[in-house]
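Single-structure report; data block below.
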Ligand SMILES: [Zn+2]
């Protein structure tokens, strides 16, 4: 008899058609990080601050966004490659000093390849309210409660190694943090997983704000939350397989020339 874990995996595994669709997305790492920034911008990670994303390469250097470009306009040829100390190895733009939080995270959690920090509207609302919002619908429950930290020791900056290390330690082995009076920090093993987690966090915060502004509602039942958390973690490696390709197609429809002219493998 098939185990519960195996059954979930079989039910949610990509079909042959879907696998072919994913293979069609043969993106370079620079294209992936740009598409992640643009897709998240469209999902509310858009407060006109630059924020930061890092993406580990196989040689343990990192791609990151240039300080001089917004998330909705950055292009693959503008992406920087940096080392673990934040020195620019490739690229003509500059790196924000706040990148130290991301690099300390990569130093202490070498198993994770992607970090994302920004100030999405509804996550930032809950960062001011001062707690992790309840999950009121299934999309909100894609992120289990125990995957979201609330970091309340933030005092205005994460530009020093000590501050960054404290934030990383507060995150522990969780995948997301709400930073008090600041924003969100999300970590992942892939760009697709980062997109899934980041959009689930903001969705959860948005839905909770609306429900509670309307006077309150019923949280997702624990049984449903447990099933969804297991399905996402076990069956989909942390991200529903249709979401990232869908987001990529949307960005390429909006800017069909986006993948032209990168010039860097
Ligand atoms: Zn910030």
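In this note's numbering, the protein residues as written are 56 to 320.
Each residue gets a CB set at the ideal place from its N, CA and C atoms; glycine is no exception.
Start-to-end residues for the alpha helix (DSSP H) that takes in residue i
i: residue 160; result: 154-163
i: residue 260; result: 246-268
i: residue 170; result: Here residue 170 belongs to no alpha helix (DSSP H); instead the beta strand (DSSP E) covers 169-173.
i: residue 143; result: It is not in any alpha helix (DSSP H) - residue 143 instead sits in the beta strand (DSSP E) that spans 143-145.
i: residue 298; result: 298-309
i: residue 222; result: 216-226
i: residue 176; result: 176-184
i: residue 283; result: 277-285
i: residue 196; result: 193-196
Residue i, buried or exposed, once every other Cβ within 10 Å from all chains shown has been counted against 16
i: residue 318; result: No answer about residue 318 holds up, because its pLDDT of 45 lies below 50 and its placement is not dependable.
i: residue 311; result: exposed
i: residue 301; result: exposed
i: residue 134; result: buried
i: residue 179; result: buried
i: residue 246; result: buried
i: residue 172; result: buried
i: residue 166; result: exposed
i: residue 218; result: buried
i: residue 216; result: exposed
i: residue 304; result: exposed
i: residue 168; result: buried
i: residue 306; result: buried
i: residue 271; result: exposed
i: residue 185; result: exposed
Residue i beta carbon near ligand 1 (any heavy atom closer than 7 angstroms)
i: residue 152; result: no
i: residue 123; result: no
i: residue 157; result: no
i: residue 227; result: no
i: residue 104; result: yes
i: residue 238; result: yes
i: residue 265; result: no
i: residue 297; result: no
i: residue 174; result: yes
Beta bridge counterpart(s) of residue i as assigned by DSSP
i: residue 117; result: 111 and 137
i: residue 205; result: 233
Proximity test, residue i beta-carbon vs ligand 3 heavy atom, cut-off 7 angstroms
i: residue 98; result: Of the ligands this structure carries, namely ligand 1, none is ligand 3.
Residue span of the beta strand (DSSP E) that contains residue i, given as start and end
i: residue 240; result: 238-243
Every unbroken beta strand (DSSP E) within the stretch 76-100, with a cutoff of 3 residues, ordered by chain: Runs found: none.
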